[in-house]
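Following my numbering, the numbering of the sequence shown begins with 119 at its first residue and continues without gaps. Ideal Cβ placement from N, Cα and C applies to all residues, glycine included. This structure is a prediction, so every number in the text was calculated from the model and none was measured. Take a look at the structure set out below.
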Amino acid sequence: MLPFARQLEHLGYAGLKAENVSTLQVNLGWRCNQACKHCHLLAGPHRPEQMELDTIDAVIRVVERWSIPNVDLTGGAPELNPHFEYLVDRLDRSGTHILARSNLTILLEPGKERLAEFYRDHRVELVCSLPYYQEDLVDRLRGKGVFQKSLEALRRLNRLGYGEPDSGLRLNLMYNPAGAYLPPEPGALEVQFRRNLAERHGIYFHRLLTLLNMPIGRFKEFLERSRNYERYMGKLVSGFNPATVAGLMCRTLISVAWDGRLYDCDFNQALDLPVLPGLPRTIGDFDLPTLATRPIRLADHCYGCTAGLGSSCGGHLTGALGT
């Protein structure tokens, strides 16, 4: 397999560099009320990693000092961090755009019954995980009963205005393939999701994002158990699409781990591949001019973001396949 960095060299990239930092992605911890089979972080109910209040205050200071336009809150289930609402409230007052990644079922957990209203009051954009629009597949990936709980949470959000075309309350869904293959063309898949969720369940949303299962974490364990790891990596390498490189999320985003360390993306965080030596290493040392043009740390899992139409936390990267 040709190393990913060498692949980019053939395109004229001696090294991939960031273009700016328009998004600060903050991982609030690896604790989650689910333990999904495709999770790249091995998140679950018994993970102890949680961002402490002093690190959260450092995040707030960075957003305010450098006027970071977007903050992307993730986990685990970010809502399980005890300081989650404090952080959202402070970010809202700073004027930054807040996006939160939710597994939906967290909205039904004891003590979280007012979370949907909290999101509405702070006009938080939501990206909600829903691997498919059929019950058996979702429950197989995420646990028995998750599909029906997800529908209940979506209905609750819809009643508050999330998903309505002109409400300003953005409700996006995130699709993951059920196995070792690339996501399908997102436009046609979105039509299927929209039709099935509306007709069968009366549920509405704004946009469907597609995210490839990265060959790391719990999904890598599955690939190795099923003896599919080499085949899957071969599929990613053969699907490399040069048109995706310009839009890679690491070029405009930096990831803050639960312990405050800085990474080029959440996937590098899962592999404990922090930003390159010589750069600011923690949120307390954050320096926007330095990080906005930093060289990016690459490894072979990066093929996951550049295969087919591309894959990122914002969905697919291009509407065209490589030649």
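So is residue i buried or exposed if we call it buried at 16+ other beta carbons inside 10 Å?
i    : result
S185 : exposed
Y299 : exposed
N290 : buried
S444 : Nothing about residue 444 can be read from this structure; the chain reaches only from 119 to 441.
H419 : buried
S247 : buried
T441 : Residue placement at T441 is flagged as unreliable, the pLDDT there being 47, under the threshold of 50; the coordinate-derived value follows with that caveat. Result: exposed.
P249 : buried
R313 : exposed
E197 : buried
G357 : buried
H164 : exposed
A306 : exposed
Mind checking whether residue i and residue j have CB atoms under 8 Å apart?
i    : j    : result
Q168 : R149 : yes
N145 : Q387 : yes
I401 : V180 : yes
L315 : Y251 : yes
K135 : I414 : yes
L129 : V309 : no
M292 : L329 : yes
D384 : T192 : yes
C431 : D190 : yes
May I ask which residues mark the beginning and end of the alpha helix (DSSP H) holding residue i?
i    : result
T192 : Premise fails: T192 lies in the beta strand (DSSP E), N188 to T192, not in any alpha helix (DSSP H).
S268 : V264 to R277
M292 : No alpha helix (DSSP H) contains M292, which is instead part of the beta strand (DSSP E) from L289 to Y293.
E243 : Run containing E243: none in the alpha helix (DSSP H); it sits in the beta strand (DSSP E), E243 to S247.
P360 : Unbroken run through P360: none, as it is neither H nor E.
G335 : G335 to R343
Would you kindly report the start and end of the unbroken beta strand (DSSP E) that includes residue i?
i    : result
C423 : First-last for C423: Y421 to T424, but that is the alpha helix (DSSP H), not the beta strand (DSSP E).
T141 : T141 to N145
L327 : R325 to T328
Could you tell me which residues DSSP pairs with residue i in its beta bridges?
i    : result
G433 : S430
I216 : V189
Y381 : S373 and P392
V232 : One point to set straight first is that residue 232 is Arg, not Val, in the sequence displayed. Partner(s): none; R232 has no beta bridge.
Q152 : Its beta-bridge partners do not exist; DSSP assigns none.
T400 : R379
Just confirm the distance between the C-beta atoms of residue i and residue j, as a whole number of angstroms; I'd bet it's less than 8 Å.
i    : j    : result
L222 : R336 : Not quite, the Cβ-Cβ distance comes to about 19 Å (not below 8 Å), so this is no contact.
Y347 : L341 : 4 Å
T436 : G378 : Actually they do not touch by this definition, with Cβ atoms about 33 Å apart.
F323 : G281 : 5 Å
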